[in-house]
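K.L.:
I have a structure I would like to understand better, so I am pasting it below and will then ask my questions one at a time.
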Amino acid sequence: MNNEFIAIGKIVNTQGHRGEVRVIPMTDFPERFYEMEEVLVQQNGKTRAFHIDSARPHKQFIIVKFREIVDMNAAERLKDAYIVITRDQLKELPPDTWYIHDLLGMTVITDTGEKIGTLVDVFSTGANDVYVVKPADGGKDILLPAIKDVILSVDTVTKTMTVYLMPGLVDEDEI
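Numbering-wise, the sequence shown is residues 1 to 175 according to full-length UniProt numbering.
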């Protein structure tokens, strides 16, 4: 088992005076906060287990009450900490979808076998994600829409992504 930790939420503030915290979910499965009894909280290089007494949605946050946190002062000390899980706690994804942490660092090649760079970031636009590829020569980043017409295959074992560069997607002198 890989002991790599994956962040599923960030504690950004306290909520009220009874020790609840505001969590920004960093997961496509925020309902996991309502199902979990125990989580790991990572802060300043240390990881500690906490028991969830309750969790509820509030605006864009999940409000979490940890059994070990009894008041606002104790909750304040968790500000900017991350709630993390281990790889074996990841939810199963539907076909042709991947976790971002599995995509980062992938070698990106064209359908003609030309290496264009390394996937360094993913951001969401609302309609679809956009993959940011850093060219090996250090040139300008290439932005690829994460759509089936462009992303032809993803191999998480070999860490390789094959793409089709549609006409007009990048300048020919950029690759």
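Heads up, the beta-carbon is just placed ideally off N, CA and C, and yes, glycines get one too.
Model, not experiment: these values are computed from the prediction.
Which residue from Tyr82, Val154 and Val122 puts its Cα closest to that of residue 183?
P.N.:
Since the first residue shown for the chain is 1 and the last is 175, residue 183 is missing from the structure and cannot be characterised.
K.L.:
Can you tell me whether Ile100 is helix, strand or coil according to DSSP?
P.N.:
The sequence position of residue 100 within the sequence shown is 100, counting from 1. Helix, per DSSP.
K.L.:
Consult DSSP for Asn13 and reduce its assignment to one of helix, strand or coil.
P.N.:
Locating residue 13 in the sequence shown gives position 13, counting from the first residue. Residue state, collapsed to three classes: strand.
K.L.:
Roughly how many whole angstroms lie between the Cα atoms of Asp71 and Lys79?
P.N.:
Taking the sequence shown and counting its residues from 1, the one referred to as residue 71 is at position 71. Taking the sequence shown and counting its residues from 1, the one referred to as residue 79 is at position 79. In a straight line, the C-alpha of Asp71 is about 13 Å away from that of Lys79.
K.L.:
What would DSSP say about Phe29, mapped onto helix, strand or coil?
P.N.:
Taking the sequence shown and counting its residues from 1, the one referred to as residue 29 is at position 29. Residue state, collapsed to three classes: coil.
K.L.:
Which runs of the beta strand (DSSP E) fall wholly inside the segment 66-92 and span at least 3 residues, in chain order?
P.N.:
Those beta strand (DSSP E) runs which fall completely within the segment 66-92 and span 3+ residues are 82-86.
K.L.:
Alpha carbon to alpha carbon, how far is Phe123 from Glu35? Give it in angstroms, no decimals.
P.N.:
Mapped onto the sequence shown, residue 35 falls at position 35. Mapped onto the sequence shown, residue 123 falls at position 123. In a straight line, the C-alpha of Glu35 is about 27 Å away from that of Phe123.
K.L.:
What three-state label does DSSP hand Glu114 in the structure shown?
P.N.:
Working through the sequence shown from its first residue, we reach residue 114 at position 114. Coil.
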